[in-house]
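Trainee: Okay, handing you the structure first.
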Amino acid sequence: MMRRTRGRPVPHGRVTSRAAMVFGLVTALFSVAALWGLTNAVAAGLLAFTIFFYVVIYTIWLKRSAPQNIVIGGASGALPPMIGWAAATGEIGLPGISMFLLIFMWTPPHFWSLSLFMKDDYERAGVPMLTVTHGSESARHHILGYTVLLALTAVLPILVGIGGIIYVATALIMNARFLFGAWQLARRDNGEAVKDHFAAERAFFRFSLWYLFLHFSALVGDAGLAVWLP
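Okay, so the sequence shown: first residue is 48 according to the working numbering, each after it adds one.
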């Protein structure tokens, strides 16, 4: 059991596994039916696929069997904006795909930076994160590589027409900072990180949360500007 998650209801014993399974199944079926009834079949189908992918492909199959678990499994966490776009427009569309790809490419740097300072926790729990199977140095270089790909992917919302001036400014600032942080991590060795209690790794992980939040906030801001200043 991981220290990071042992306080959650099921690991802590406040909720039984059976009760959690029943609750999850009921809410999953209800949410798909509600989305279909209130929006359209495309959005509902995407939601059903997302739930299946997260539960079966990621949680049951990949999470404890492959070091690329969060790369492939990250697709389920990246689908919600595509679902929202489909709910609003009735189609997946390039804007929906661009937002999906933004989260998909963001996921590896985000979780691998977490695994740098939670490596022992993952190892004890038997979760084969990249830091556990290939070492911290490999993970650091993977973080840098995926952050470069993420910066390139961040251009897509601009190209498909949903990223305006607010998004452009936000993306320039945030990606420059994120790339610099990833470069710093790639240059550090684990001994240096242990000495300062993984300060840079923790800072990079925290910044990754702001990265995604501000990118999508900027998209909302640009959409608002388009309404008020057509």
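Yeah, the Cβ is synthetic: ideal placement off N, Cα and C, and Gly gets one too.
Do three or more CB pairs link the region 87 to 95 to the region 126 to 133 at distances below 8 Å?
Mentor: Touching, yes, given that three or more Cβ pairs across the two stretches are closer than 8 Å.
Trainee: Three or more C-beta pairs under 8 Å: does that hold for the region 253 to 267 against the region 232 to 242?
Mentor: As far as the Cβ criterion goes, the region 253 to 267 does not touch the region 232 to 242, which means the pair count is below three.
Trainee: Who are the near neighbours of G143 in its chain, counting only those whose CB is closer than 7 Å to its CB and skipping five residues on each side?
Mentor: Only P128, M129, W132 and A133 meet the Cβ criterion.
Trainee: By Cβ distance, which residues of its chain are closer than 8 Å to P114, with the 5 residues on each side in sequence left out?
Mentor: Same-chain partners within the cutoff: P175, M176, L177, V179, T180 and H181.
Trainee: Skipping 5 residues on each side, what residues in its chain have a beta carbon closer than 7 Å to that of T217?
Mentor: Excluding sequence neighbours, T217 sits near L261, H262 and A265.
Trainee: Report the residue from F96, L163, V118 and M152 whose alpha carbon sits nearest the alpha carbon of F245.
Mentor: With distances taken between Cα atoms, F245 lies closest to L163.
Trainee: Give, in chain order, every unbroken run of the alpha helix (DSSP H) that is at least 4 residues long and sits entirely within the region 121 to 184.
Mentor: Qualifying alpha helix (DSSP H) stretches, in chain order: 127 to 136, 140 to 164, 166 to 172 and 177 to 180.
Trainee: Any idea what DSSP makes of F245, helix, strand or coil?
Mentor: Here F245 sits in coil by DSSP.
Trainee: Return the CA-CA distance between R249 and P155, expressed in angstroms with no decimal places.
Mentor: R249 and P155: Cα-Cα distance of roughly 15 Å.
Trainee: By how many angstroms is the C-alpha of V73 removed from the C-alpha of D167?
Mentor: Distance between the alpha carbons of D167 and V73 is about 35 Å.
Trainee: How would you call L126, buried or exposed, if buried means at least 16 neighbouring beta carbons within 10 angstroms?
Mentor: Under this definition L126 is a buried residue.
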